[in-house]
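Below you'll find the structure, written out as C-alpha cells, and then a few comments.
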Amino acid sequence: MKTSLLFGIHCHQPIDNFDHVVYEIIEKSYKPFFQVLEGFPEFKCSIHFSGWILEFVYKNDPELFALMQRLSPQLEFFTGGYYEPILASISSKDRVAQIDKLSRFIIKHFNQTPRGLWLTERIWDDSIIDDLVKCNIEYVIVDDYHLIASGHNPKDLQGYFMTENSNNSIALFPINKELRYAIPFVSIDKTMQKLHDFREFEGKNAAIIFDDGEKFGVWPKTYKRVYEDGWLKQFFTQTLSDESIEVMTYQEYYTQNHALGLVYLPTVSYHEMGEWSVLRNISSNYHKLLEQVGEDEYLVRGGIWKNFFLKYSESNWIHKRSLELSKERIKGKKYKKALFKTQCNDVLWHGVFGGIYLPNLRDNAYRYIIECENLKEIKNECVVYDIDMDSYLEYKFYTSKLLTIIKPSHGGQIVELDIRKECFNLQNTLTRYHEAYHDKIQKTDKVEIKELEDETTTIHHNLLTTTEDIEHIEDWYLKKSSIDHIVADTLSLESFRMCSFKEYGDFANQAYCVIDSTQESLSLERQGGIYAQQKYDTMLTKNFEFKNGKIATQVTLDSTFETPCYYVSEWNLHFADYKRVTFNGESLGDSKELQDSILTIKDQLLNKTFIFRLDEIGTIYLYPTKSISQSESGIDYTIQGVTIGFVKPFAKTLTMEYSFETVELG
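Heads up: the sequence shown is residues 737 to 1402, going by my numbering.
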C-alpha cells in the first residue's frame, strides 16, 4: 500500500509586525518556497496564510502573489480566522465573521472555495464545531496529541477522524509529531525513512504534516539547509519519484477515503502548548513528572490555552478588553476591522516565542482597542463595567485626551492610561514574572545553536544560554500605576528596583471601596493596616480628578502606627522607544534618584511631554523594568516599562497631592 503524503504549510506573523521583519520572512521563506515548488508541478501542497499576511503580500509583493495564483491548481488553500484569533476565545458572531472574511478573500483571488480550516495554534474546543459547519468547513487540522490525550494509540492516527457536537459533525486530520519535528530538520534519507514507515499500517497510510512555513527559511540555520543546501528541492524530487508515496491534498484524501472512526476530544492543543500553559503553582511538579516519565511524556497532560489569562494579568486584560468591545459593537466597517485585529492571538501567550513579552505586540493590540474606543465618540464620561469578569467593577474615565481605567479591587490601581489621539497605552507595562525555564538558563561566553552532523536542531530544543549577567527579579504585585506602598526606613533605590523592600501595608494589591464617583472624579478608601509586631489600623483614601489631559490625585493616610516610615506612590509607564525619552532632561540609564517636585518626561516618538507635579520637593526613584524571556534565538532582555516611585516620609498621618499631565512636546 502506498503512503499518502498530505503536506501543508501555515504562514502567519503577529498583526502589524515590523515591516522589515515581514519582508525578511517573505524573502527568506515564503517566496523561495513557492519558487522551488514551481519547479515541481506534480507536487500537491496545502497552504494557509492568515488574512492580514495575504493582504500584505497582495499590496507589497505582487510578484509573490502572482506566483501563488499561478500555482493555485496544485495548491489547496485553507481558511481560518482572518486575523488569526484563537477561535474558542472569541464570540460566535466574530468567529464566523473572521472565517468568512478569509474564505471570501481566497475565493476572490485564487478561485477556490476552502473546505479545510487551519485551527490557530491547534486550540481545540467542541464549542467551535457548530460555527465551523456554518462556515461550510468540512475538516480541520489538529495534532496527533489531541487524540492521544483522549486515549488513542499514536500508531493508529494515520488518517482522519470524525467528531460531532449538537448534531453537527466535522473531520479532524491529526498532524504527526514525528514528521513535524523531522521536516526539514533531519536529513532527506531519514525523512524518507519516516515516510516509508507509514506503509507498515495497513489501511492507515496517511503521513500528515502541516506546520509553520517560517521553518523553511527563517528559523535558525534553516535558510542554508532548505535552500542553499537544497533540502526542499531534494524532498520534492524524492517524494515524487518514490513509487511508494502518493502526494495528495487534504481535499483529495478526504474525498477518496473514509474516516478511521469517531472521536471526542478534550479542550486541548499540542503537547508543548500544554507545557507552556501550566499554572505556576504546579509548574515545578509538572516538569519533574515529565522528566520521570521520559518517552511517555505524552501521557501527561499540561494546562489549557486559556490558562495564559491566569498566568499573565496583562494577557487577560487585553483579551477581556477585546470581549468588552465586541459586546459594545458599533456599526461600521472601521470598528469591525479594528475589533477583529484586537483578537490576534500572538500577544496573548508565551512559549518558545516572545508573545506577551513583546511590547510592540501589546502596542499593536492596544492601538486597535483604543481605535475602537475612539469610534464610540465618547468625550467626557465615566463608564462603570466589570471588564475582566472577576465580579468587581472597573471605572473607565473618558476625557478628550485621555482614557483612564481604574481597578478599585486591585489596589485602586490605574490599569490602563490611553492617549486617545495617538492610540497609545502608557500603561502597557509587564509585571516581572518567574518562568519555569528561568532556572535552566546558563551563562556562556558564546551562544551557539547546537547542530548535529546531519540535523538542524528545532527551536524547541535550543539550549537556554546567554552572554549577559542574569538577574532574576519577581514582582509580587501588578506593575501598573498609583500603587500605594508603606515601607520601613530601610527603603533604597536598589531595594525598590529589586522589589526586595519590606512592605508594611496591605494597600498595593488589595481592594478599595468606592466612596463617590462622578463623570470626572473617583474617591476610594481602604480600612487596612500597617503590620509591624502587630496590625495597626490604617485608613488610606485616594481621590482622582480627570480633566482633559490631566489627572489630579490626593492621598491621605491616618494610622495608629507611630514609627516614622515611608509612603511610596508607584507608577509604571511604557514607551515605544526608550532611547528617545528623557527624564528631567536626561536619559534614564540603569536607575536614577532625584530630589525634585517636578518630573518632566519628554517622548520624541509620541511628540508628548508628561509632567508629574508634586506638592513639595521629595525623593523620586526611577528605573527601567526589564524582563527575561526565551525566544527562537535564545534569551531576551526586554525593557517593559519605567518604574517611578514618589517617596514621602510620614508618621501616623500623611497628605500628599500630585498630578499627571500630558501636553504637546514643545
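Beta carbons: idealized from backbone N, C-alpha and C, even for Gly.
- Scanning its chain for C-beta atoms nearer than 6 Å, with the 5 sequence neighbours on each side dropped, one finds around Phe1133 the residues Cys1118, Thr1140, Phe1282, in chain order.
- Look at Gly1038 here: in three-state DSSP terms it is coil, with no helix or strand label.
- In this structure, DSSP gives Ala833 a helical state, which the three-state scheme calls helix.
- If you compare the alpha carbons of Gly1010, Ile751, Ile1251, His756 with that of Phe785, the shortest gap goes to Ile751.
- Scanning its chain for C-beta atoms nearer than 7 Å, with the 5 sequence neighbours on each side dropped, one finds around His1023 the residues Ala1172, in chain order.
- By the beta-carbon neighbour count (other beta carbons within 10 angstroms, threshold 16), Arg1016 is exposed.
- Per the Cβ contact rule, the region 1075 to 1092 is not in contact with the region 1147 to 1154 (fewer than 3 Cβ pairs under 8 Å).
- Listed as beta-bridge partners of Lys1338 by DSSP are Thr1318, Thr1345.
- At the C-beta level, Glu1329 and Tyr1357 come within 8 Å of one another.
- Taking one beta carbon from each stretch, the region 1213 to 1226 and the region 1289 to 1309 have 3 or more pairs nearer than 8 Å; the two touch.
- For Ala1101, the enclosing alpha helix (DSSP H) starts and ends at 1095 to 1111.
- Residue pairing by DSSP puts Ile1375 in a beta bridge opposite Lys1362.
- Per DSSP, reduced to three states, the secondary structure at Tyr1121 is strand.
- DSSP places Ile877 inside the beta strand (DSSP E), whose first and last residues are 875 to 879.
- With distances taken between CA atoms, Gly1325 lies nearest to Thr1361 out of Cys781, Leu1341, Thr1361.
- With a beta-carbon spacing of about 7 Å, Ile1155 and Leu1162 fall inside the 8 Å limit used to define contacts.
- The alpha-carbon of His1208 is positioned some 8 Å away from that of Ile1364.
- For Leu1330, the secondary structure class from DSSP, reduced to helix, strand or coil, is strand.
- For Gly852, the secondary structure class from DSSP, reduced to helix, strand or coil, is strand.
- Taking a cut-off of 8 Å for Cβ pairs, the region 837 to 851 and the region 877 to 896 do not touch, as fewer than three such pairs fall below it.
- Taking a C-beta distance under 8 Å as the contact criterion, Leu1035 and Phe769 do not qualify as a contact pair.
- Scanning the region 780 to 848 for uninterrupted alpha helix (DSSP H) segments of 4 residues or longer gives 787 to 796, 798 to 806, 828 to 846, listed from N- to C-terminal end.
- Under the three-state reduction of DSSP output, Phe934 falls in the helix class.
- According to the DSSP assignment, Met1009 belongs to the alpha helix (DSSP H) that extends over 1007 to 1012.
- Excluding its 5 nearest sequence neighbours in each direction, Ile789 has C-beta neighbours in its own chain below 8 Å: Cys747, His748, Gln749, Val758, listed in chain order.
- Annotation for Tyr1131: the continuous beta strand (DSSP E) segment containing it runs 1130 to 1134.
- Counting only the Cα atoms, Gln834 lies some 10 Å from Lys1072.
- When Cβ pairs closer than 8 Å are counted between the two stretches, the region 1338 to 1356 is seen to touch the region 1380 to 1396, the count reaching three or more.
- According to the DSSP assignment, Lys1283 belongs to the beta strand (DSSP E) that extends over 1271 to 1283.
- In this model, Ser1005 and Trp860 are separated by some 6 Å (Cα to Cα).
- Rounded to whole angstroms, the gap between the alpha carbons of Tyr1102 and Asp862 is 30 Å.
- Taking 8 Å as the cut-off, the beta carbon of Leu908 is found closer than this to the beta carbon of Val878.
- The shortest CA-to-CA distance from Arg1057 to any of Met1125, Glu799, Gly1087 is the one to Met1125.
- Counted as a single uninterrupted DSSP element, the stretch harbouring Lys767 is not any beta strand (DSSP E) but the alpha helix (DSSP H) occupying residues 767 to 774.
- Burial of Ser1295 is indicated by the presence of at least 16 other C-beta atoms within 10 angstroms of its C-beta.
- In the DSSP secondary-structure assignment, Phe897 is bridged to Leu908.
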